[in-house]
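Asker: Take a look at this one; I'll ask things after.
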Amino acid sequence: MVKKEIILKWKKDGKMYSKKVKRTKIFAIFKELAEKFSSNNEISLKMLEIIPAASEIEVNWDNNADVNCIYYTIDGGATKGIPVISSHKLVWGEMRKLCAIEENKK
């Protein structure tokens, strides 16, 4: 049975954080991105595939490489990652909101 919530984990400034987020909320965010940006929605479509089954989603905000990953685990199985380039501002912006992380304004 799939739980109604996903455990969202993130690493920021060397510390680990986590919280439960409603699965329907995360699904709605990525569904909207996939629909609004149909010509560039590969990441959103991948997220829509994994969200219904994922038990955990994790982001390492301390990773400042050009390609970071959104990691996910399904029912205690192996953790896998979806590579996301750093310039994919909409996806990263939504993930920051979910993690309640303020974006550095430059």
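Per my numbering, the sequence shown starts with residue 15, numbered consecutively. All C-beta atoms in this analysis are idealised placements derived from N, C-alpha and C, irrespective of residue type, glycine included. The model shown is predicted, which means the values in this text are computed figures rather than measured ones.
To the nearest angstrom, how far is it from the Cα of S101 to the Cα of I88?
Answerer: Answer to the nearest angstrom: the Cα atoms are 27 Å apart.
Asker: State whether the stretch 66 to 83 contacts the stretch 51 to 58, with contact taken as three or more CB pairs (one from each stretch) at a distance under 8 Å.
Answerer: Touching, no.
Asker: State the beta-bridge partners of I96 as determined by DSSP.
Answerer: I84, per the DSSP bridge assignment.
Asker: I'd like to check one pair, W106 with K26: are the Cβ atoms closer than 7 Å?
Answerer: Going by C-beta atoms, K26 is not nearer than 7 Å to W106.
Asker: What residues match up with L22 in a beta bridge as DSSP calls it?
Answerer: BP columns for L22 point to K33, I71.
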